[in-house]
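What follows is a short report on a single structure.
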Amino acid sequence: MRKLQAKSALLPDGWARNVRIEIGADGRLASITPESPLEAAVETFETLLPAPSNLHSHAFQRALAGLTETRGPGDDDFWSWRERMYDFLPRLTPEDVEIIAAQLYAELAESGIAAVAEFHYLHHQADGTAYADIAEMAGRISAAAGQAGLGLTLLPVAYARSGFGGAPTHSGQIRFSNSAEDYLALWEASRACLHRADDQLGMAPHSLRAVTPEDLSTILAAGHDGPTHIHAAEQVREVEDCLAWSGQRPVEWLLEHCNINERWCLIHATQMTGTETAALAQTGAVAGLCPTTEADLGDGIFNGRQWHADGGKWGIGTDSHIGRDIAVELRQLEWSQRLLYKQRTVLADPMQSNGNAVYTGVLQGGAQALGRKSGKLEAGYWADMLAPDTEHPVLAGRSEDALLDSWIFTGSRDCISDVWSAGRHIVKDGQHIARAEIAGRYSAVMKRLLA
Ligand code: ZN
1 MRKLQAKSAL LPDGWARNVR IEIGADGRLA SITPESPLEA AVETFETLLP APSNLHSHAF
61 QRALAGLTET RGPGDDDFWS WRERMYDFLP RLTPEDVEII AAQLYAELAE SGIAAVAEFH
121 YLHHQADGTA YADIAEMAGR ISAAAGQAGL GLTLLPVAYA RSGFGGAPTH SGQIRFSNSA
181 EDYLALWEAS RACLHRADDQ LGMAPHSLRA VTPEDLSTIL AAGHDGPTHI HAAEQVREVE
241 DCLAWSGQRP VEWLLEHCNI NERWCLIHAT QMTGTETAAL AQTGAVAGLC PTTEADLGDG
301 IFNGRQWHAD GGKWGIGTDS HIGRDIAVEL RQLEWSQRLL YKQRTVLADP MQSNGNAVYT
361 GVLQGGAQAL GRKSGKLEAG YWADMLAPDT EHPVLAGRSE DALLDSWIFT GSRDCISDVW
421 SAGRHIVKDG QHIARAEIAG RYSAVMKRLL A
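Following our numbering, the numbering of the sequence shown begins with 1 at its first residue and continues without gaps.
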């Protein structure tokens, strides 16, 4: 049993003082006791918070961040970015993917994130043939999470088509592509790649572009008790193509044809009508928002004000990893709403701190989307926690809600001192415990890939 003491901690009912936190050998919180006298030899922190989960990652795309900023011959958009991403894929070996993912996961941890949902679709060799072990790449993702100590919800992705109506996949997509039957074999094999008690397995039909209704029902009929994630309504053209194919918009189609419930997470959900927004919020599903990626790709702005008013749940993903900092993602989410509505503090309730509003939102939605018992400092939950660096100038003199507001709206990863994932103490004094070796391997891979 490890004991920590926080002068201030964010508990499910709000801020509490002099909180004793006991972490069991199993990585779960054993007890939380406010107003505890300070014992000698107990490690003490000014502030402890539950640490959030990142609900959407394509880890290999970390290597591409910053390499797609030169304009092409015409207008650049999501679709031209996607071609650049496809062009990069053939270079990546399983070893590369593991090293890139470990770098990413260490960076995410340093920003305060304790767990990640990996929307994992890079399955096959460069020529499209499966590896001898069909789950080779899934194993690499799991190994990377193990090296970084980050919690993992692995979401093997089903990808079988290149557009609505069942068009076959093209050359850029051969590393992703599986029949529904092969996907189910991959999905079963992926389970064996997970070794830690807090690891989770879910399912991810890529999008209505990439699976037919028949694929979708075959996959979902296999039955599983983890989360189900799907990309939906990120792009205007995607909505138009879906309308041309089915007469319905993607979210509308999903609401009518799938039993969307709190185990689902719809990634992006950027292009929703007011009716779709209200109906989706009612299901209890999580909207998986990826604010810096959506800004980077020119996707558009999520219907956040109505979603909040309708009681919708949401969480944050770093998706393409153009941003890898939870504070920056939360800020971009709120700032996009401010630009859209020409207002301030859009996602807060009256008299509520905006930092507290978005932080408690991301804790709840992220945990739900990962199927992870986390997001609360409460006995029985995984010890996913962070300690801000209260000596950092951004946080000087701040505590409680003012500390959250300052970190999220004017701070960054520099404001984080310590992070625990299921009790694993993976960030100490602002640095990931294996930062140097992970970054060294990553640097060597990038030099080779970009030579
Ligand atoms: Zn994505």
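Every residue gets a Cβ at the ideal spot worked out from N, C-alpha and C, and that includes glycine.
Give me the Cα-Cα distance between residue 7 and residue 42, rounded to the nearest whole angstrom. Their backbone Cα atoms lie some 12 Å apart in a straight line.
In terms of residue numbering, what span does the beta strand (DSSP E) encompassing residue 5 cover? Where residue 5 is concerned, the enclosing beta strand (DSSP E) stretches over 2-11.
Listed in chain order, which residues are found with a beta carbon closer than 6 Å to a heavy atom of the ligand ZN? Cβ-based neighbours of the ligand ZN within the cut-off: 56, 58, 119, 231, 267 and 319.
Alpha-carbon spacing of residue 95 relative to residue 434, whole angstroms: A direct Cα-Cα distance of roughly 18 Å separates residue 95 from residue 434.
Mind checking who residue 14 pairs with in its DSSP beta bridge? Per the DSSP secondary-structure output, residue 14 pairs in a beta bridge with 11.
Taking the Cβ atom as the reference point for each residue, do residue 201 and residue 226 lie within a distance shorter than 7 Å? Yes, the Cβ-Cβ distance between residue 201 and residue 226 is below 7 Å.
In three-state terms, what does DSSP make of residue 336? In this structure, DSSP gives residue 336 a helical state, which the three-state scheme calls helix.
With DSSP as the reference, identify every bridge partner of residue 424, one or two as the case may be. Per DSSP, the beta-bridge partners of residue 424 are 421.
Which residue spans inside the stretch 288-346 form an unbroken alpha helix (DSSP H) run of at least 4? Fully enclosed alpha helix (DSSP H) runs of 4 or longer: 291-296, 304-309 and 326-341.
Cβ of residue 401 within 7 Å of Cβ of residue 354? Against a cut-off of 7 Å, the Cβ pair of residue 354 and residue 401 comes out as no contact.
Residue 385: first and last residue of the uninterrupted beta strand (DSSP E) it sits in: Its beta strand (DSSP E) spans residues 385-388.
At the level of alpha carbons, what is the spacing between residue 215 and residue 179? Their backbone Cα atoms lie some 8 Å apart in a straight line.
May I ask you to list the residues that DSSP assigns as paired with residue 216? Residue pairing from DSSP leaves residue 216 without any beta-bridge partner.
Could you tell me the alpha carbon to alpha carbon distance between residue 358 and residue 348, rounded to whole angstroms? Roughly 7 Å between the two C-alpha positions.
State the Cα-Cα distance for the pair residue 474 and residue 31, rounded to the nearest angstrom. One cannot answer for residue 474 here, as it falls past the ends of the chain, which runs 1 to 451.
Relative to the alpha-carbon of residue 160, which residue among 124, 139 and 132 has its alpha-carbon at the smallest distance? Residue nearest to residue 160 within the set 124, 139 and 132 is 124 (criterion: CA-CA distance).
Cα-Cα separation between residue 303 and residue 15, rounded to whole angstroms: Approximately 30 Å, taken between the alpha carbons.
So what does DSSP say about residue 360, is it helix, strand or coil? Looking at residue 360 - three-state DSSP - the assignment turns out to be helix.
Bridge partner(s) assigned by DSSP for residue 264: According to DSSP, residue 264 bridges with 228.
From 84, 65, 66 and 63, pick the residue whose C-alpha is nearest to that of residue 72; which is it? For the residues 84, 65, 66 and 63, the minimum Cα distance to residue 72 belongs to 84.
Between residue 121 and residue 176, how many whole angstroms is the CB-CB distance? I'm expecting something under 8 Å. Cβ-Cβ separation between residue 121 and residue 176: approximately 5 Å, consistent with a contact (criterion under 8 Å).
Short of 7 Å in beta carbon distance, which residues of its chain neighbour residue 68, apart from the five on each side in sequence? Order them along the chain. Sequence-distant partners of residue 68 (beyond 5 residues in either direction) whose C-beta falls short of 7 Å from its own C-beta, in its chain, are 81 and 84.
Residue 187 to residue 203 span [Cα, whole Å]: Here the alpha carbons of residue 203 and residue 187 stand approximately 8 Å from one another.
List the DSSP bridge partners of residue 382. Answer is 28.
Using the three-state DSSP reduction, which class does residue 161 fall into: helix, strand or coil? In this structure, residue 161 counts as strand in the three-state DSSP scheme.
Pair within 7 Å by beta-carbon distance, residue 286 and residue 265: In this structure, residue 265 lies closer than 7 Å to residue 286 by Cβ.
Cutting at 6 Å between CB atoms, please list the residues of its own chain near residue 49, excluding the five before and the five after it. Excluding its 5 nearest sequence neighbours in each direction, residue 49 has C-beta neighbours in its own chain below 6 Å: 10 and 386, listed in chain order.
Residue 246 to residue 277, Cα distance in whole Å? Their backbone Cα atoms lie some 19 Å apart in a straight line.
Ordered along the chain, which non-local residues of its own chain (more than five positions away) have a Cβ less than 6 Å from that of residue 409? Closer than 6 Å at the Cβ level, and outside the excluded window around residue 409, lie 331.
Between residue 394 and residue 411, which are expected to be in contact by the criterion C-beta below 8 Å, what is the C-beta distance as a whole number of angstroms? 4 Å between Cβ atoms; contact.
Going by beta carbon distance, what residues of the same chain come within less than 7 Å of residue 141, once the five residues before and after it are set aside? In chain order, 59, 101, 118, 120 and 154 place their CB closer than 7 Å to the CB of residue 141, counting only its own chain and leaving out the 5 sequence neighbours on each side.
Cα separation between residue 196 and residue 382? Rounded to the nearest whole angstrom, the CA to CA distance from residue 196 to residue 382 is 12 Å.
Residues sharing a beta bridge with residue 204, DSSP: 157.
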